[in-house]
Each structure stands twice: as C-alpha cells, then as structure tokens.
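Residue numbers 2 to 51, in the working numbering, belong to the letters of the sequence shown in order. Idealized CB from N, CA, C, for every residue including glycine. A short write-up of the structure that comes next.
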Amino acid sequence: MLDAPRRLGFQVTIGGLIVVAVVLGTPYLVSYLGSIVSWPVLLFADVCMT
Numbered sequence: 002m003l004d005a006p007r008r009l010g011f012q013v014t015i016g017g018l019i020v021v022a023v024v025l026g027t028p029y030l031v032s033y034l035g036s037i038v039s040w041p042v043l044l045f046a047d048v049c050m051t
C-alpha cells in the first residue's frame, strides 16, 4: 500500500514548470495581444461605416 505514493513521486524542475506555463499560457497571451492590436482597427472601421 505504501508503494503507490512512491511510484507517483517525482521531482519537477523550475524549467519544467516554465515550459508547462508557456505551453498553457500561449493561447491566452495571443488572444490578449490580438485584442489589443485589433481594437483600433475595429474602432476605425466602426467610425468609417457610420
């Protein structure tokens, strides 16, 4: 019964955590930066259409 926790025990390095954070955070970062870049274009298009 005590062997199960030992099998699941592993060490995570700081580099490994950084890689996981980058992989999981990239879509959110791209979406956020895209919204910052696109809002002036959308605002300009809205002004031109009215």
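Going by DSSP, V24 is part of the alpha helix (DSSP H) stretching over 15 to 50. Rounded to the nearest whole angstrom, the CA to CA distance from A22 to I37 is 22 Å. Within the same chain, no residue comes within 8 Å of V42 by CB-CB distance, once the 5 residues on both sides are set aside.
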